[in-house]
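Position one of the sequence shown corresponds to residue 8 (the numbering used here), numbered consecutively onward.
Every residue, glycine too, gets a C-beta built ideally from N, C-alpha and C.
Fair warning: this is a prediction, and the values are worked out from it, not measured in the lab.
Only one structure is covered here, and it is reproduced in the block below.
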Amino acid sequence: RKAVVELADQYNLGGYSKIGWPGVIVIEGEESDCMAYVDEIRSMRWQHLAVRGEEQLAVRDQDELEQTRVLPSKMQELGDDMSCIAERCKDAGLEELFLTSRRFTQKRRVLVVTPQKIVLNL
């Protein structure tokens, strides 16, 4: 749990995590940082880890990246209640992206964010 938050901080990623079963991590930041984060999380040998959804937005520079963030700038670990992370994603306009992690949508789509928002299903 601690590694998920600390690693996000190293890559300047923000978002939410809920570790356990079912688990989910929603991250936001520079695309290359998001991808490196996913690679490092995968190397931790989680029992199961799948990227369920991605969304990309084009930004000109770091300032615009910071202005377009919709998630907290620091990773926040949320408790065991999946409805809490669902509500926060909905409030941030990411309900559809969150639902891809729960397989509640009919469409299989890859939403990849420059800034990058990625939902990891644990």
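| Using 8 Å as the Cβ pair cut-off and three pairs as the minimum, do the stretch 86-96 and the stretch 58-72 touch? | Flag = no, the stretch 86-96 and the stretch 58-72 do not touch.
| Excluding the five sequence neighbours on either side, which residues of its own chain have a C-beta within less than 7 Å of the C-beta of Glu102, listed in chain order? | Excluding residues within five positions, the ones whose Cβ falls inside 7 Å are Cys96.
| query | According to DSSP, is Ser80 helix, strand or coil? | reply | Coil.
| task | Compare the Cα-Cα distances from Glu84 to each of Ile34, Gln17, Tyr18, Asn19 and report the closest residue. | result | That would be Ile34, whose Cα lies nearest to the Cα of Glu84.
| Lys9 versus Met51: straight-line alpha-carbon distance, rounded | Cα-Cα distance, rounded: 12 Å.
| query | Where Ala15 and Ser90 are concerned, what is the direct C-alpha to C-alpha distance, given to the nearest angstrom? | reply | Rounded to the nearest whole angstrom, the CA to CA distance from Ala15 to Ser90 is 22 Å.
| query | For Leu106, does the three-state DSSP call read helix, strand or coil? | reply | It is helical.
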